[in-house]
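Residue numbers (the working numbering), protein chains in the order written: chain V, 940 to 1124; chain E, 5 to 190.
Glycine included, each C-beta is placed from N, C-alpha and C at the ideal position.
In what follows, a structure is listed as structure tokens, so that the remarks can point back to it.
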Amino acid sequence: MPHIQLPEGLPGIRGPMAFSPETAKPLNELANALLRTDDGLSRAERELIATYVSSENDCFFCQTIHGAVASYYWGDENGEFVKAVKENYGQTLLSSKLKALLAIAGSVQKGGKQVTPEQVHEARQQGATDKDIHDTVLIAAAFCMFNRYVDGLATWAPDNPELYKFRATKIAEYGYTADDHYMPR
Amino acid sequence: MPHIPLPEHLPGITGLLEYRLDTALPIRELTQILLRGESTLTPGERELIATLVSARNETRFCTAAHTKAADLLLGENETAWKVKQDYETAPVSEKMKALLAIAARAQRSGKDVTPEAVERAKQAGATDREIHDTVLITALFCLYNKYVDGLASVTPTDPAYYQRLGERIVQGYKRPPGGFPVPPKT
Chain V
940 MPHIQLPEGL PGIRGPMAFS PETAKPLNEL ANALLRTDDG LSRAERELIA TYVSSENDCF
1000 FCQTIHGAVA SYYWGDENGE FVKAVKENYG QTLLSSKLKA LLAIAGSVQK GGKQVTPEQV
1060 HEARQQGATD KDIHDTVLIA AAFCMFNRYV DGLATWAPDN PELYKFRATK IAEYGYTADD
1120 HYMPR
Chain E
5 MPHIPLPEHL PGITGLLEYR LDTALPIREL TQILLRGEST LTPGERELIA TLVSARNETR
65 FCTAAHTKAA DLLLGENETA WKVKQDYETA PVSEKMKALL AIAARAQRSG KDVTPEAVER
125 AKQAGATDRE IHDTVLITAL FCLYNKYVDG LASVTPTDPA YYQRLGERIV QGYKRPPGGF
185 PVPPKT
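This is the structure:
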């Protein structure tokens, strides 16, 4: 049960966002700015970083919805690829660049000071730009915020994976600032 | 040294927010609403939450900046210092102690916020809105702290820097209309 009285029936972050529309606006705008661009890192790569950090924070709602969006972009129909990235990205077929950036994201999740000059050097060696490194750190930091917002209020999350898959197609189409599309009409 | 090149005259968070303006805009707007917008918590009380979270994340830049903002808003420099030492014995209301306890839990993990911690705050008179805002302020400062430390931005050591910064953020978190031009060499 959520810690505070939230509008009922809204999954995960959508509950507190409906409770507090004024703060929801910049939160959704930040998600759009960070995740819905292919400038440097692709949308697919950005969603994978968001999913990985949410998984490290053990946030069920965030890792499931962003995992579904990542699967959509990667053509990962059964979700096995995203699952493998969460479990051990080093063993996947991801590029060396994205592996190096996921290592940085993992450090940010543990604590900003955990990011080492060696990790940053490795990312650059694998072709990451300053902006790629910046965006990786900020996506990781932002999901440490979103994850805490979702779990810190003990929000409700549906179990049915089909619902997340459906919502993911709508996020890919319309973004995070659009109306909810959780239930097929 | 920062992990990416940042303007030398903009240490801490400022150079990062100037690095990518389209992400800085909603971050600044969210901060303005949460820390300076209409609320039953005073701006000083909300700065104490930001200070505690930054101190627990050991982000020296944010801790110094928000301690100074809290000091200026509260008109004394004892409360913020004591909150960082031990908020349970700090000179704040029972409600604030309970909210700071929620913040201390959410700083570690959202999952650490227990029904008991929330019940304590409600018993002390905290509203759902105050609990919501406490969790979101905590979450936002985890973003800031990880952003600042994750890119190793510069932490000034001169107390006069934080005096000026504190005076600026007491006024609010919006970007100045002209940005932050390079100061003329003196």
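How long is the line joining the alpha carbons of residue i and residue j, rounded to whole angstroms?
| i | j | result |
| --- | --- | --- |
| V/LEU973 | E/ILE106 | 28 Å |
| E/GLY183 | E/GLU123 | 44 Å |
| V/TYR1028 | E/TYR166 | 41 Å |
| V/GLY1006 | E/ARG60 | 30 Å |
| E/GLY16 | E/CYS66 | 8 Å |
| E/ARG101 | E/ALA54 | The sequence given here places Lys at residue 101 of chain E; Arg does not occur at that position. So the alpha carbons of these two residues sit roughly 14 Å apart. |
| V/ARG975 | V/ASP997 | 24 Å |
| E/PRO180 | V/GLU995 | 37 Å |
| V/GLY1050 | E/THR93 | 28 Å |
| E/SER43 | E/GLU12 | 36 Å |
| V/ALA957 | V/ALA970 | 16 Å |
| V/ARG1124 | E/ASP137 | Because the pLDDT of V/ARG1124 is 38, which lies under 50, any placement of that residue in the model is unreliable, and the number read from its coordinates should be weighed accordingly. The straight-line gap from Cα to Cα measures roughly 33 Å. |
| E/LEU45 | V/ILE943 | 17 Å |
| V/LYS1070 | V/THR1094 | 33 Å |
| E/ARG50 | E/ALA74 | 8 Å |
| V/LEU1077 | E/GLU22 | 13 Å |
| E/ARG172 | V/TYR1103 | 43 Å |
| V/LYS1025 | V/THR1031 | 10 Å |
| E/GLY114 | V/ILE1004 | 18 Å |
| V/VAL1021 | E/ILE37 | 35 Å |
| V/ILE952 | E/VAL117 | 16 Å |
| V/GLN1002 | V/SER993 | 5 Å |
| V/ALA1111 | E/PRO9 | 32 Å |
| V/VAL1059 | E/LYS150 | 15 Å |
| V/ALA1117 | V/GLU968 | 10 Å |
| E/MET5 | E/ALA143 | 26 Å |
| E/VAL152 | V/GLY954 | 29 Å |
| E/ALA68 | V/TYR1115 | 34 Å |
| V/PRO965 | E/TYR177 | 14 Å |
| V/GLU1061 | E/LYS126 | 49 Å |
| E/GLU98 | E/SER58 | 21 Å |
| E/LEU76 | E/ALA164 | 14 Å |
| V/ASP978 | E/ASP26 | 13 Å |
| V/ALA1096 | E/PRO119 | 17 Å |
Please report whether the beta-carbon of residue i lies at a distance below 8 Å from any beta-carbon of chain V.
| i | result |
| --- | --- |
| E/TYR23 | yes |
| E/ILE51 | According to the sequence provided, residue 51 of chain E is Glu. The question's Ile does not apply to it. Chain V, which has no Cβ nearer than 8 Å to the Cβ of E/GLU51, makes this no. |
| E/TYR165 | no |
| E/THR142 | yes |
| E/THR63 | yes |
| E/SER113 | yes |
| E/LEU14 | no |
| E/THR27 | yes |
| E/HIS70 | no |
| E/LYS178 | no |
| E/LYS88 | no |
| E/LYS150 | yes |
| E/PRO11 | no |
| E/ILE17 | no |
Output yes if chain E places a C-beta closer than 8 Å to the C-beta of residue i; else output no.
| i | result |
| --- | --- |
| V/LEU1037 | no |
| V/LYS1025 | no |
| V/THR1116 | no |
| V/MET956 | no |
| V/HIS1073 | yes |
| V/ILE1004 | no |
| V/GLN944 | yes |
| V/PRO1123 | Note on V/PRO1123: pLDDT 47, under 50, position unreliable in the model; the coordinate value appears next. Judged by the 8 Å Cβ criterion, V/PRO1123 is not in contact with chain E. |
| V/SER996 | Note on residue identity: the sequence assigns Asn, not Ser, to residue 996 of chain V. Judged by the 8 Å Cβ criterion, V/ASN996 is in contact with chain E. |
| V/PRO965 | yes |
| V/LYS1052 | yes |
| V/SER1034 | no |
| V/GLY1066 | no |
| V/ARG1087 | yes |
Exercise. Which runs of the alpha helix (DSSP H), 4 residues or longer, sit entirely within the stretch 43–78 of chain E?
Worked result: The stretch 43–78 of chain E contains, as complete alpha helix (DSSP H) runs of 4+ residues, the segments 47–60 and 64–78 (chain order).
Problem set entry | Residue ranges of each alpha helix (DSSP H) within the stretch 995–1037 of chain V, 4 or longer | 999–1013 and 1019–1027
Exercise. Does the stretch 1107–1114 of chain V come within contact of the stretch 118–136 of chain E, defined as at least 3 CB pairs closer than 8 Å?
Worked result: Contact between the stretch 1107–1114 of chain V and the stretch 118–136 of chain E is absent, because fewer than three Cβ pairs lie under 8 Å.
Exercise. Given 8 Å as the limit, is there contact between the stretch 1072–1092 of chain V and the stretch 974–991 of chain V, that is, 3 or more CB pairs closer than that?
Worked result: yes
Exercise. Does the stretch 1026–1045 of chain V come close enough to the stretch 1064–1079 of chain V to have 3 or more Cβ pairs within less than 8 Å?
Worked result: yes
For this session: Taking 8 Å as the threshold, find out whether the stretch 953–968 of chain V comes into contact with the stretch 1040–1048 of chain V through three or more Cβ pairs.
Result: no
For this session: Can you check the stretch 1076–1115 of chain V for any alpha helix (DSSP H) of at least 4 residues that lies completely inside it and give the ranges in chain order?
Result: 1100–1113
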